[in-house]
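A.B. asks:
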Amino acid sequence: MTGKILKSEVWMLAIDLPSPFPLGFGTLSSLPRVFFVLTIESSNGEFRSIGEASIDFPFSHYDAWDVYHSLSLLGLEGKSANEREQLLAEPQFKDLMVFPAAFAALNMALDDAYGRLNHISIPDIYGIVRVNGMPLESIPHQPDQEKFHTAIDSAINRGRLPKMKGGLGLKVDLERLQMTTEIAVSLGIQFAVDFNAVYTVEQFEELVQVLAQVKNIQNRVLFFEQPTLAEIGIDGLQQATRILQANGLSIYVMADESFVSQSDAQICQKHGILLNYKIQKVGGILVALEIEKALGQTSLPSMVGGTFPTAIGRTWDQQALCVLSSASLPSDGWQPSTDWFDGNKHFISERFQASDNKSKAFLGHGLGITVLWDVLERYKIEHPAMEYQAIRNNQTGKQLEIQLKPGHTYSELYQRLSRRQVDWNL
304 MTGKILKSEV
314 WMLAIDLPSP
324 FPLGFGTLSS
334 LPRVFFVLTI
344 ESSNGEFRSI
354 GEASIDFPFS
364 HYDAWDVYHS
374 LSLLGLEGKS
384 ANEREQLLAE
394 PQFKDLMVFP
404 AAFAALNMAL
414 DDAYGRLNHI
424 SIPDIYGIVR
434 VNGMPLESIP
444 HQPDQEKFHT
454 AIDSAINRGR
464 LPKMKGGLGL
474 KVDLERLQMT
484 TEIAVSLGIQ
494 FAVDFNAVYT
504 VEQFEELVQV
514 LAQVKNIQNR
524 VLFFEQPTLA
534 EIGIDGLQQA
544 TRILQANGLS
554 IYVMADESFV
564 SQSDAQICQK
574 HGILLNYKIQ
584 KVGGILVALE
594 IEKALGQTSL
604 PSMVGGTFPT
614 AIGRTWDQQA
624 LCVLSSASLP
634 SDGWQPSTDW
644 FDGNKHFISE
654 RFQASDNKSK
664 AFLGHGLGIT
674 VLWDVLERYK
684 IEHPAMEYQA
694 IRNNQTGKQL
704 EIQLKPGHTY
714 SELYQRLSRR
724 QVDWNL
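Everything in the sequence shown is counted per the numbering used here, starting at 304 for the first residue and increasing by one.
1. From the DSSP output, which residues share a beta bridge with Ser424?
2. For Ala564 and Tyr713, I'd like the C-alpha separation in whole angstroms.
3. Mind pulling the alpha helix (DSSP H) runs of 4 or more residues that sit fully within the segment 589 to 667?
4. Cutting at 7 Å between CB atoms, please list the residues of its own chain near His668, excluding the five before and the five after it.
5. Check whether the segment 523 to 533 touches the segment 484 to 501, counting contact only when three or more Cβ pairs, one atom from each stretch, lie closer than 8 Å.
6. Who are the Cβ neighbours of Gln541 in its own chain at under 8 Å, not counting the five residues just before and after it?
7. To the nearest angstrom, how far is it from the Cα of Glu393 to the Cα of Ser662?
8. For Ser383, which of Ala416, His444, Pro323 and Gly470 has the nearest alpha-carbon?
9. How about Ala356 and Val340: are their beta carbons less than 8 Å apart?
10. Cα-Cα, which of Phe362, Trp314, Ser311 and Leu578 is closest to Arg719?
11. Look at Gly469 and Asp427 and say whether their C-beta atoms are less than 8 Å apart.
12. Quick one: any contact between the segment 629 to 647 and the segment 385 to 401, if contact means 3 or more CB pairs under 8 Å?
13. Using CA coordinates, which residue listed in Ser628, Thr342 and Ala405 is at the minimum distance from Gln600?
14. Going by DSSP, what residues sit across from Lys753 in a beta bridge?
15. Per DSSP, Pro361 is paired with what?
16. Given this structure, state the Cα-to-Cα distance separating Ser561 from Leu376, to the nearest angstrom.
17. Express the C-alpha separation of Phe402 and Ala408 in angstroms, rounding to a whole number.
18. So, using beta-carbon positions, are Lys466 and Glu440 closer together than 8 Å?
19. What is the DSSP secondary structure of Met557, reduced to helix, strand or coil?
20. Can you list, in chain order, the residues of its chain whose CB lies under 7 Å from that of Ala688, leaving out five sequence neighbours each side?
21. Whose C-alpha, out of Gly587, Thr483 and Asp726, is nearest the C-alpha of Ile442?
22. Taking all protein chains shown into account, do 16 or more other C-beta atoms lie within 10 angstroms of the C-beta of Arg654, making it buried, or fewer, making it exposed?
23. Assuming contact is defined by CB atoms lying nearer than 8 Å, are Ala757 and Ala533 in contact in what I supplied?
24. Can you give the beta carbon distance from Ile343 to Gly306, rounded, assuming they're within the 8 Å contact cut?
25. Can the beta-carbon of Lys701 be found closer than 8 Å to that of Glu690?
26. Provide the residue span of the alpha helix (DSSP H) that contains Phe396, from first to last.
27. At the level of alpha carbons, what is the spacing between Arg463 and Val607?
28. Taking the beta strand (DSSP E) that Ala495 falls in, what are its first and last residues?
29. What does DSSP give as the partner residues of Tyr502 in its beta bridges?
30. Measure from the alpha carbon of Gln698 to the alpha carbon of each residue in Leu473, Thr330, Val556 and Glu312, then state which is nearest.
31. Kindly give me the distance between the Cβ atoms of Asn410 and Leu589, rounded to whole angstroms, as I take these residues to be in contact under 8 Å.
32. Output needed for Met557: all residues of its chain with C-beta closer than 6 Å, excluding positions within five of it in sequence on either side, in chain order.
33. Excluding the 5 residues flanking Leu510 on each side, which residues of the same chain have their C-beta closer than 6 Å to its C-beta?
34. Who are Leu464's beta bridge partners in DSSP?
35. Given this structure, state the Cα-to-Cα distance separating Trp769 from Leu679, to the nearest angstrom.
36. Report buried or exposed for Gly348, applying the criterion of at least 16 other Cβ atoms within 10 angstroms of its Cβ.
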C-alpha cells in the first residue's frame, strides 16, 4: 500500500449526444468531457484512479481545453495519493481553482485512489450522513401541452419528482405551472421549477401576480430555481424572494448561476435563498464541504445539481449527496446519467441503483465502480489542442462539431467571459 503516483494522464473525450445541444454561440452535436487518470502503485500491483471534469462553456467562464491544459501541467508523478489532503491544500494544486472543474477532477481522482488504497468508500473519507435520496428529473422544453404532460407523467412513473423548465414566456410558463400543479395535487407529490435565469425582475413579478391565484401552488412547489437574469446576480434573487412574499407565496428561491463561491453562499443564506451545489461548478466535494462549514449549523436545505456528467462523474455527485449534511432536498444529482448517456456511453460496469423510488450511492472502495477503460478510450480526442485551435477560431473541430449561429462567434464569447485571448494557452 504505497500509494505512489506513477503516472498522470489527461484525456479529452467527444461524446455524441442523443440530440443536438443548443448553446449561446451555436449547437453541439457532441459533448467534450475531460478525465484525469492516475496510475497508482499498491501492494497488490498497479491500478488506475479517475476524476471527471464535466462543465460546459459558456455556462462556465472557461472551456474544456482550459481544464485539459491546466491538468496536464500538474506534475504529480512521485507523490503519494495517501497524502491527498496535503496535496489538495498545496498552492500549486489549489491554483487549479481558477478553473473549478479542473480542481474537482483532481479532488475526485485522489479520492478514488485514496479510498481504494485504504479499502473505504469516498463517503467514508468525508463522513456519511445519508446513502440515498429522491431524484429530480428535468423536463426539457416541449413543443405543446400534450407532450409536456406526457414528459411529466413519464418522470413520475419512473419514481422521480419532475423539475419543469421555465423560460418559454409568461403565457406558456403559466399554463404549464398550472398543469403541473394540478398533476401534483392529484398525486400528492411536489415538483420544482428551473427558470434558467430568463426573467427580468419585472417579468417575474408579473408571473407571480398571476401564480398567486393558482390554488395549492405553494404547497406543491419545492423551489423556484434561478428565476431572474444571471447578470442581475444575487440581488435579482433577493428581489424575487421579496416578490413572492409580497404576493403571499411561501416558495423558496434557489441560486444556480448566481452561486459559484463561498461568499455567494453566505449572501444567499443571509437572505433565505437556497443553494444548488453543482459539484463541478464549485470545485469538488472538498470545496463544497468548506462552503457548507462556513455557513454553520443554520445552513438551509440544499441540493446537488448536475452538469450532464458521464456515469463516472454522476457517481461522485451522488457521493457528494451522501456527505453534504444540508443536501436533503430532492436533487438532480440523484438522477442516473443513463437518462442521457447509456449503452456504450455508460462507462462503468455497474448500473445505478434505486430502491423505494430513491437512488442509492455506490459505497465500494474509492468510487466503488468498475471503469470500462477500453470503451472510454474509443471516445478519446487524439489531438485536443488542434481541436480547440479550430474551435476558438470559429471553425468546427474534427470530433467536436459545432454549428455556429449567425452573428455569434466562439472567439468573441470566450474572450468576453474568460477575459483572455483565445490563443493564450494554445
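Quick reminder that beta carbons are idealized off the backbone N, C-alpha and C, glycines included.
C.D. replies: On the basis of the supplied data:
1. As computed with DSSP, Ser424 is found in a beta bridge with Gly669.
2. The residue you asked about is not Ala; residue 564 is Ser in the sequence shown. In a straight line, the C-alpha of Ser564 is about 26 Å away from that of Tyr713.
3. 614 to 626
4. Gly418, Arg419, His422, Ile423 and Ser424
5. The segment 523 to 533 vs the segment 484 to 501: in contact.
6. His574 and Ile576
7. 35 Å
8. It is Ala416 whose Cα lies nearest to the Cα of Ser383.
9. It is not a contact, given that the beta carbons lie outside the stated cut-off.
10. It is Phe362.
11. No; because the gap between Cβ atoms is not below 8 Å, this pair is not in contact.
12. No: fewer than three Cβ pairs fall under 8 Å.
13. Ser628
14. Nothing about residue 753 can be reported from this structure: the residues present for the chain run from 304 to 729 only.
15. In the DSSP output, where bridge partners are listed per residue, Pro361 has none listed.
16. 30 Å
17. 10 Å
18. yes
19. strand
20. Cβ within range, chain order: Leu729.
21. Answer by Cα proximity: Thr483.
22. exposed
23. Absent from the model: residue 757. The displayed extent of the chain is 304 to 729, so no value can be given.
24. 6 Å
25. yes
26. Pro394 to Lys397
27. 15 Å
28. Phe494 to Asp497
29. Thr531
30. Thr330
31. 5 Å
32. Phe526, Glu528, Leu577 and Asn579
33. Leu473
34. Leu439
35. For the chain, the structure presents residues 304 to 729; residue 769 sits outside this window and is missing.
36. exposed
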